[in-house]
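Trainee:
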Amino acid sequence: MNLSQWLGIDIRSADYAYARDESTGYISAKRIPDQWVRTTCGYCSVGCGVELGVKDGRAVAARPDESHPVNRGKLCPKGLSEHHTIGADNRARHPLLRRKGRLERVGWDEALTTMVERFRNVQAKYGPNSLGVLSTGQLVTEEFYALGKLVQVGFGTNNYDGNTTLCMASAVSGYKLSFGSDGPPGAYEDLEKADVILLIGANIADNHPILCQYLDANRQRTLIVADPRVSKTAMMADLHLPLKPRSDLALLNGMAHILIRHGLINREYIDQHTSGFDELAKFLESYPPERVATLTGLSEELLYKVTLLYARAKAAFIGWTMGVNHSTLGTETVNAICNLALLTGQIGRAGASPFSITGQCNAMGTREAGCTSGLPGYRRFDDPAERAEIAALWGVDESRLPKARGMAYPDIIEGAVSRKIRALWIIATNPLVSFPNQDVLRHALSNLDFLVVQDGYHPTPTTELADLVLPAAIWGEKEGTYTNSERRVSKVNRAVAPPAEARPDFDIFLAMAEKLGCRDLLYPGWRSPEDAFNEWRRLSRGRLCDYSGITYELLDRAGAVPWPFPEGRTDCSPSRLYGNGQFRTNDGRAKLICADWQPFPEQPNRAYPLVLNTGRTVEHWHTRTKTREVPILERLSPNAWLEMNPRDAKGLGLRSHDRVDVVSRRGRVRAVELRLTEIVAPGQVFMPFHYVEANVNEVTQSAFDPVSREPNYKQCAVRVERHKKENDRT
Ligand code: SF4
21 MNLSQWLGID IRSADYAYAR DESTGYISAK RIPDQWVRTT CGYCSVGCGV
71 ELGVKDGRAV AARPDESHPV NRGKLCPKGL SEHHTIGADN RARHPLLRRK
121 GRLERVGWDE ALTTMVERFR NVQAKYGPNS LGVLSTGQLV TEEFYALGKL
171 VQVGFGTNNY DGNTTLCMAS AVSGYKLSFG SDGPPGAYED LEKADVILLI
221 GANIADNHPI LCQYLDANRQ RTLIVADPRV SKTAMMADLH LPLKPRSDLA
271 LLNGMAHILI RHGLINREYI DQHTSGFDEL AKFLESYPPE RVATLTGLSE
321 ELLYKVTLLY ARAKAAFIGW TMGVNHSTLG TETVNAICNL ALLTGQIGRA
371 GASPFSITGQ CNAMGTREAG CTSGLPGYRR FDDPAERAEI AALWGVDESR
421 LPKARGMAYP DIIEGAVSRK IRALWIIATN PLVSFPNQDV LRHALSNLDF
471 LVVQDGYHPT PTTELADLVL PAAIWGEKEG TYTNSERRVS KVNRAVAPPA
521 EARPDFDIFL AMAEKLGCRD LLYPGWRSPE DAFNEWRRLS RGRLCDYSGI
571 TYELLDRAGA VPWPFPEGRT DCSPSRLYGN GQFRTNDGRA KLICADWQPF
621 PEQPNRAYPL VLNTGRTVEH WHTRTKTREV PILERLSPNA WLEMNPRDAK
671 GLGLRSHDRV DVVSRRGRVR AVELRLTEIV APGQVFMPFH YVEANVNEVT
721 QSAFDPVSRE PNYKQCAVRV ERHKKENDRT
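Next comes the structure, spelled out in structure tokens:
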């Protein structure tokens with residue numbers, strides 16, 4: 021407060037003035053923009069169209085883009101308050117270099133020179149693959165494409181992965197094994213057109229809320245939700261299947277067993293378009309309803325009911341998210357979902373799809389154009405013809421392209437523990453909240469010779485440990501494209517300038533290539549993201565994810581355009597893959613895969629009697645770096661909580677709002693507020709994973725899907741104790 025305010029001369033009337041806005045009516049005059057800039061939401065993979073209101077060069081408001089085909093004039097609470105993420109206090113503003121233990125401000129030139137020198141020194145001493153890179157699902161596709169080239173060809177390491185491995189790698193691996201390629205086959209519109217919808221491990225009401233309007237628009241549908249919790253989505257269901265934790269694969273196999281046993285399969289589709297039926301039929305003999313009822317905790321009657329609903333549907337849709345993916349059996353569970361669709365021919369038509377609803381705003385972009393688990397355009401590292409094609413398109417010697425995938429995210433962390441990885445570059449992600457078993461992660465990061473964190477925010481728990489912090493522009497401050505879960509590409513536009521010295525990641529990658537001396541090789545003639553986009557269009561031509569007919573101009577006009585969109589196509593409406601029954605496998609047939617259920621790795625016992633499930637809440641985004649800075653979201657959900665069934669609480673002498681510790685073999689989360697609720701069944705507890713102050717990943721385990729390398733976040737054995745002050749010191 022200044023002197024005039026203290027004396028009451030200045031009553032800050034400008035701050036409290038109201039005025040009339042044509043779209044929202046009377047609101048604070050400060051929030052009436054001079055202009056609205058069309059863009060795409062930067063949180064989740066639904067891909068809603070947003071208009072960002074700008075006044076005097078600052079983002080002051082957000083509203084739905086009424087013309088955008090995905091969200092149809094609606095936004096969820098995060099989208100409606102997204103402008104607050106830009107002006108947050110904790111934005112990274114200047115490059116910072118650690119000297120004598122303290123982060124000190126340096127110029128960009130010194131920052132990039134230091135980074136390149138330190139990385140090169142480490143690589144010269146310990147080999148090129150001693151450098152690891154961890155990226156994100158938050159960049160625009162043009163940046164993923166540029167980064168892939170920079171890491172694989174410029175720095176020459178293939179130990180490169182994204183935080184996307186923490187959320188949807190199992191969907192990718194499952195699709196590749198079943199259909200021969202990544203790429204969700206369906207569209208959101210299927211939620212309106214299906215007569216039976218099975219959501220399995222997918223709490224869309226919290227995590228993809230705008231998709232609920234597609235369900236609402238479908239009056240004929242039967243909605244089945246399989247989830248151990250009575251989630252908000254389960255509350256919307258016609259039929260909730262409260263299956264035991266991680267018994268989803270048994271349920272799916274049991275349904276497939278009933279389909280085959282009772283002749284409810286589409287034999288013509290199976291014969292013409294799949295392989296492996298005989299092996300699968302034999303394998304599924306070991307999943308009779310009586311066994312599946314025991315494994316899942318669901319009655320045989322319910323199993324039959326669900327299977328008959330699915331089998332008799334004209335169009336049946338199965339959607340899933342992290343409840344399936346966050347498992348050591350994630351890939352196999354995805355295969356079992358695909359099996360059901362293939363056995364019944366419920367794929368490639370309106371309403372019929374096995375559909376992975378992905379996580380971050382542009383997780384799809386890194387899957388398509390990034391260079392982590394494969395070469396861009398869903399090409400394989402180990403396919404000589406595809407490697408040769410990329411080498412020719414990039415004008416580089418083929419020997420500079422990796423022949424195999426490098427370490428996946430968890431293996432990079434393990435590599436740092438064992439000192440195979442000596443330097444690490446982390447981009448737009450915050451593992452010190454999101455990675456399981458934080459103790460191992462802290463050990464890994466403390467082992468590094470040099471840690472660079474490039475982020476739009478500082479401090480975060482991860483930037484605080486960095487040797488070098490590179491300040492990046494964020495959503496609203498840069499240009500490019502995102503692809504949403506239904507393969508629709510939307511434009512992301514710059515509305516305001518980044519703060520202080522922060523720069524778009526795209527510019528940082530180009531400047532780094534300059535320092536490495538390979539800018540002209542990697543980015544010939546590139547000046548803007550559109551140059552990267554145009555090269556990516558050429559590279560994607562003829563691939564499943566064909567962008568060749570998509571231009572920035574078309575995106576501006578149409579709002580969202582689905583791939584494949586080859587040159588010459590004009591129809592921008594949602595599309596389905598595999599409508600012709602031709603899959604991307606060697607023989608063109610989808611594979612029916614035998615996927616055996618196993619109990620989850622850490623079973624409860626006397627010392628740790630409860631099964632802990634983790635997940636999200638609608639108000640927050642992943643590690644809360646952004647949403648804790650949004651006042652309305654933070655006020656709605658300021659603290660972590662633990663959900664426990666009242667029967668378990670009674671046994672422990674606990675009551676609602678008690679402060680408790682959650683303890684596993686790996687660590688302890690302290691002083692969490694207890695919520696007693698029937699949302700969780702006896703023997704299970706649930707905690708959201710957004711909160712660094714009470715980080716559930718202190719207790720989650722280092723167990724990963726052997727194929728996708730995705731962590732098993734969803735089940736670990738814990739006990740719950742009343743919080744005691746003396747535990748704060750342990
Ligand atoms: S549903 Fe997802 S994309 Fe849409 S406004 Fe909410 S966070 Fe943004």
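When we follow this note's numbering, the leftmost residue of the sequence shown carries the number 21, and every step to the right adds one.
Every residue gets a Cβ at the ideal spot worked out from N, C-alpha and C, and that includes glycine.
Measuring CB atoms only, is the segment 589-601 touching the segment 181-192, in the sense that at least three cross pairs come out at less than 8 Å?
Mentor: These segments do not touch.
Trainee: Going by beta-carbon coordinates alone, are Ala443 and Arg138 separated by less than 8 Å?
Mentor: Cβ distance < 8 Å, so Ala443 and Arg138 count as in contact.
Trainee: Buried or exposed for Glu760, please, with buried defined as at least 16 other CB atoms from any protein chain shown within 10 angstroms of its CB.
Mentor: What is shown of the chain runs 21 to 750, which leaves residue 760 out entirely.
Trainee: Suppose the cutoff is 8 Å on Cβ atoms and the five residues either side in sequence are ignored; what does the same chain contact list for Tyr36 look like?
Mentor: Within the same chain, Tyr36 has close Cβ partners Ser48.
Trainee: Can you give the Cα-Cα distance for Arg577 and Ser87, rounded to whole angstroms?
Mentor: Approximately 10 Å between the Cα atoms of the pair.
Trainee: When DSSP labels each residue in this structure, what does Pro97 get in the three-state scheme?
Mentor: Helix, per DSSP.
Trainee: Residues around ligand 1, please: the ones whose beta-carbon is closer than 6 Å to some heavy atom of it, in chain order.
Mentor: With the cut-off at 6 Å, the residues found are Cys61, Tyr63, Cys64, Val66, Gly67, Cys68, Asn91, Leu95, Cys96, Lys98, Gly99, His228, Pro229, Ile230.
Trainee: In the structure shown, what three-state DSSP assignment does Arg462 receive?
Mentor: DSSP places Arg462 in helix when its eight states are reduced to three.
Trainee: Output yes or no for whether 8 Å exceeds the beta carbon distance between Gln704 and Pro265.
Mentor: Result yes, Cβ atoms of Gln704 and Pro265 sit closer than 8 Å.
Trainee: Between which two residues does the alpha helix (DSSP H) holding Trp128 run?
Mentor: Per DSSP, Trp128 belongs to the alpha helix (DSSP H) from 128-146.
Trainee: Pairs of beta-carbons, one from the segment 376-389 and one from the segment 52-71, closer than 8 Å: are there three or more?
Mentor: Short answer: they touch.
Trainee: Tell me whether the beta-carbon of Tyr180 lies closer than 8 Å to the beta-carbon of Ala552.
Mentor: Not closer than 8 Å, so no.
Trainee: Judging by CA-CA distance, which residue of Ser198, Lys169, Asn149, Gly203 is the nearest neighbour of Thr177?
Mentor: Taking only the C-alpha atoms, the option nearest Thr177 is Asn149.
Trainee: Inspect the beta-carbon positions of Thr634 and Tyr711 and report whether they are closer than 8 Å.
Mentor: Cβ distance not < 8 Å, so Thr634 and Tyr711 don't count as in contact.
Trainee: Looking only at its chain, what residues have a beta carbon closer than 7 Å to the beta carbon of Ser676, apart from the 5 residues adjacent to it on each side?
Mentor: Excluding sequence neighbours, Ser676 sits near Leu694, Arg695, Leu696.
Trainee: Apart from the five residues just before and just after Val512, which ones in its own chain have a Cβ nearer than 8 Å to its Cβ?
Mentor: The answer, listed in chain order, is Thr59, Thr60, Gly62, Val160, Trp495, Lys498, Glu499, Gly500, Thr501, Tyr502.
Trainee: Do you know how far the Cα of Leu329 is from the Cα of Gly608?
Mentor: Those two C-alpha atoms are separated by around 29 Å.
Trainee: Determine, using beta-carbon pairs with one atom in the segment 111-126 and one in the segment 251-262, whether at least three such pairs fall under 8 Å.
Mentor: The segment 111-126 is not in contact with the segment 251-262.
Trainee: How should Gly435 be labelled, buried or exposed, when 16 other C-beta atoms within 10 angstroms of its C-beta is the threshold for buried?
Mentor: Buried, because 16 or more other Cβ atoms sit within 10 Å of the Cβ of Gly435.
Trainee: So is Met427 buried or exposed if we call it buried at 16+ other beta carbons inside 10 Å?
Mentor: Classification of Met427: buried, given that the 10 Å Cβ count is 16 or more.
Trainee: Assuming Thr185 and Arg729 are in contact, meaning their beta carbons sit under 8 Å apart, how far apart are those beta carbons, in whole angstroms?
Mentor: Confirmed, Cβ separation roughly 6 Å.
Trainee: What's the call for Thr796, buried or exposed, on a 16-neighbour Cβ count within 10 Å?
Mentor: Since the first residue of the chain shown is 21 and the last is 750, residue 796 is not available in this structure.
Trainee: Examine ligand 2 and report whether any of its heavy atoms sits within less than 7 Å of the Cβ of Glu86.
Mentor: With respect to small molecules bound, the structure shown includes ligand 1 and not ligand 2.
Trainee: Is DSSP giving Asn633 helix, strand or coil here?
Mentor: Strand, per DSSP.
Trainee: Assign Thr707 to buried or exposed, taking buried as 16 or more other Cβ atoms, counted over all protein chains shown, within 10 Å of its Cβ.
Mentor: Just to set this straight, residue 707 is Met in the shown sequence, not Thr. Met707 is buried by the Cβ-count criterion.
Trainee: Identify, in the order they occur along the chain, each residue of the same chain with its Cβ nearer than 6 Å to the Cβ of Leu452, setting aside the five sequence neighbours on each side.
Mentor: Result list for Leu452: Pro481, Thr482, in chain order.
Trainee: In chain order, what residues of the same chain have a beta carbon less than 7 Å from the beta carbon of Asp459, not counting five sequence neighbours either side?
Mentor: Correct list, in chain order: Arg686, Gly687.
Trainee: Is the CB-CB distance between Thr327 and Leu279 below 8 Å?
Mentor: Yes, Cβ-Cβ distance for Thr327 and Leu279 is below 8 Å.
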